[in-house]
Amino acid sequence: MRKSNCFLILFLLLFSVASGQQKRKAKIALVQATALPHQDLFMDDSDLAKVRPQMMANFDKLLGLFIEAGKMGADLVCGPEDMQNIGAYGLHIDVKDPETGKILADALAVPVPGQLTDMVAAIARKYNMYIIAPIYEAVGNKVYNTAVIFDRQGDIMGKHRKTVLPVLETWLVSTGDKYEVFETDFASIAVATCWEIFYPEISSIYALKGADIIFNPTMAKDNKPGQSLETASMFITRAKDNSVYIAPVVRGSDGNGVIDFNGEIVAEAVGKKDCVIMAEVDFSKERLLESKWWETINGTNNIKAMRLKSRRPETYRLLTDPNPPVLERYKNIHLTTGDRERQLKAVKEVDYGSD
């Protein structure tokens, strides 16, 4: 009987580790990279023949930094949004790809799995690390802004398709509709791509599903130009409100790093170009108040547990109303989403060289 109990305990321990239930320390890496050139299709001397080679050059550069993270012993590395660096072509909805005849931005999206994801998978496998690789994904006649998540064996363990798109991106990109939390062997992770971090409901959903860290591959910096993430008030707010780590990843030499659940900057590399930012995070730690007074009054000093147990979801119904009262104020505003004629007119008439 005693022997069978020992086997049961061992099984439960192994199961909890395999299912990602054991929180532990892990090395979290982020890629901080500047973009290589791409074709400016507003210029008369732009060359469509250079688009694909430049796309691959940008992608290969980021793969090189993934490899560097692997050599540094990272448990997970995350790249920036649009690793192909093709997002700007989405503005040119009247430009056709000479190879396929499709709209250029559509033609550059890739299948998953496919050649590009196979390259990422090989790195994940070689260095035994998780990788988050954001790319534009082709699915039939649709394109998604997708963060592909690889496990340590190089297998695709999940995908997050961006659910909230800036108006411009809606011209060609379809929206995702899921908020999944993925289990690793050290913590529960989630991805909020670019604009999604602006919507506090999304981070809250991830926190309620048990995410320990939310990665934000993005093209939009929250910090003041050239300054620390200490100036990134939105990221800090998301971290503290939800008692989670937030990890923004953006192109450039600032704006990347790891913020802990107290809003403190754990790691960043302001001013450094083309580098890997690494933070060792202990995901077994809870967010606790130091005051004994609070523990006595509330019955716990665990901030996250206290706030979760004090929620009043029955009073939040307005958050899921597609037509809240405030929209009446903006009834005369019509976005260009789905209006191809207005989109083409906008592209041709706006002076993108002015403020």
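Once you know that position 101 of the sequence shown is 101 in the UniProt record's numbering, the rest is easy, because the numbers rise by one and skip nothing.
The beta-carbon is built from N, C-alpha and C at its ideal position, and this holds for glycine as well.
Check	Outcome
Three-state secondary structure assigned by DSSP to Val326	helix
Span separating the alpha-carbon of Ala133 from that of Lys304	30 Å
Leu108 - containing beta strand (DSSP E), residue span	Run containing Leu108: none in the beta strand (DSSP E); it sits in the alpha helix (DSSP H), Leu104 to Leu108.
Nearest-angstrom beta carbon gap, Asp212 and Lys25 [assumed within contact, 8 Å]	About 12 Å separates the two Cβ atoms, so there is no contact after all.
Cross-strand partners of Arg24 (DSSP beta bridge)	Answer is none; Arg24 lacks a bridge partner.
Distance between Ile214 and Asn128 (C-alpha atoms, nearest Å)	21 Å
Residue environment, Met43, which counts as buried when at least 16 other CB atoms sit within 10 Å	exposed
Cβ neighbours of Thr337 in the same chain (closer than 8 Å, five flanking residues each side left out)	Val167, Thr170 and Trp171
Within 8 Å, strictly: CB atoms of Leu76 and Thr146	no
Straight-line gap, Ala107 to Gln39 (C-alpha atoms, nearest Å)	15 Å
Gly210 and Val181 closer than 8 Å at C-beta	yes
Contacting residues, own chain, Cβ-Cβ under 7 Å from Ala88 (five flanking each side not counted)	His38
Pairwise C-alpha distance: Leu116 and Met157	16 Å
Whether Asp151 touches Tyr130 by CB criterion (8 Å)	yes
C-alpha gap between Glu290 and Arg161, whole angstroms	39 Å
Those residues which DSSP pairs with Phe150 across a bridge	Ile131 and Ile156
Burial state of residue 357 (16 or more Cβ within 10 Å)	The structure shown does not extend to residue 357, since the chain is modelled only from 1 through 355, so no value can be given for it.
Assigned exposure category for Arg317 - 16 Cβ within 10 Å defines buried	exposed
8 Å Cβ cutoff met for Tyr179 and Ile197	no
Close-in-space but distant-in-sequence residues of the same chain around Leu12 (CB under 7 Å, 5 per side omitted)	With a pLDDT of 43 at Leu12, under the threshold of 50, the modelled position of that residue is not reliable, and no figure is offered here.
Proximity below 8 Å, CB of Val148 to CB of Val112	yes
Spatial distance of Glu81 from Asp282 (CA atoms)	26 Å
6 Å CB neighbourhood of Arg340 in its chain, flanking five on each side removed	none
Inter-residue spacing [alpha-carbon to alpha-carbon] between Val326 and Leu335	17 Å
Per-residue burial, Arg238 [other beta carbons within 10 Å of its own, 16 or more giving buried]	buried
Separation of Lys159 from Val95, as counted between CA atoms	29 Å
Rounded C-alpha distance that separates Lys273 from Asp241	31 Å
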